[in-house]
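All the letters of the sequence shown, read from the start, carry residue numbers 1 to 157 under the UniProt record's numbering.
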Amino acid sequence: MNLLSGEYECKLDPKGRLVLPAKVKGNLPEASGNQLVLVRGFEPCLVLYPRAAWRVIHEKVMALDEFNEEYRQFQRNFFRGMTEVDFDSIGRFMLPRTMLRYAGIEKEAIIVGLGNRCEIWDPERYDEFLIKDQQSFSKLAQKFLSTETPPAGQQAA
Numbered sequence: 001m002n003l004l005s006g007e008y009e010c011k012l013d014p015k016g017r018l019v020l021p022a023k024v025k026g027n028l029p030e031a032s033g034n035q036l037v038l039v040r041g042f043e044p045c046l047v048l049y050p051r052a053a054w055r056v057i058h059e060k061v062m063a064l065d066e067f068n069e070e071y072r073q074f075q076r077n078f079f080r081g082m083t084e085v086d087f088d089s090i091g092r093f094m095l096p097r098t099m100l101r102y103a104g105i106e107k108e109a110i111i112v113g114l115g116n117r118c119e120i121w122d123p124e125r126y127d128e129f130l131i132k133d134q135q136s137f138s139k140l141a142q143k144f145l146s147t148e149t150p151p152a153g154q155q156a157a
């Protein structure tokens with residue numbers, strides 16, 4: 001399993017292209033080739049998935065009952081603006097203007113590897129969404145990583 005990780009400061013070129021950091025590009029699954037899927041994040045950021053990881057998410061969302069209004073509304077918003085992107089030989093890919101506006105990205109971006117995906121943030125917005133208080137961060141780590149208490153929706157073994 002390839003693991004996308006790390007935090008990378010990047011600059012957009014005048015055409016709105018971003019260079020995928022070499023470490024990220026090197027950790028993409030071979031099956032993805034040079035094709036990735038870009039979607040709006042739940043927070044004001046963009047999310048970049050390798051095709052294999054996207055396929056898993058896509059199947060879950062498409063499995064929702066289309067006759068349920070709430071599910072349709074979720075699907076409509078989730079897939080809004082979804083686009084496939086190809087990167088060139090030096091790792092550049094185009095970020096659509098509508099997506100840049102959504103995330104507030106202008107000239108600089110932060111790419112954050114999160115295992116199966118990367119988030120692309122405006123640096124100032126990214127900083128707003130980080131936990132500043134180490135004690136709060138420690139409590140979350142204890143809550144989510146403790147072997148005694150399973151995460152919500154899971155049962156203890």
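Quick reminder that beta carbons are idealized off the backbone N, C-alpha and C, glycines included.
{"Query": "Flag this pair as yes or no: are the beta carbons of Leu4 and Gly113 separated by less than 8 Å?", "Result": "yes"}
{"Query": "Is the beta carbon of Gly104 less than 8 Å from the beta carbon of Pro44?", "Result": "yes"}
{"Query": "Where does the unbroken alpha helix (DSSP H) through Pro123 begin, and where does it stop?", "Result": "123-129"}
{"Query": "Cβ of Glu70 less than 8 Å from any chain B Cβ?", "Result": "Of the chains in the structure shown, none is chain B; there is only one protein chain."}
{"Query": "Could you say which of Asn34, Arg40, Tyr71, Lys139 lies nearest to Trp121 if we only look at CA atoms?", "Result": "Arg40"}
{"Query": "Which residue spans inside the UniProt domain \"SpoVT-AbrB\" (7-53) form an unbroken beta strand (DSSP E) run of at least 3?", "Result": "17-19, 35-40, 46-50"}
{"Query": "Identify every residue that forms a DSSP beta bridge with Asp86.", "Result": "Gln35"}
{"Query": "What number of angstroms, rounded off, separates the C-alpha of Ser146 from the C-alpha of Arg125?", "Result": "30 Å"}
{"Query": "Could you give the first and the last residue of the continuous alpha helix (DSSP H) run that contains Glu66?", "Result": "From DSSP, Glu66 is part of no alpha helix (DSSP H); its letter is neither H nor E."}
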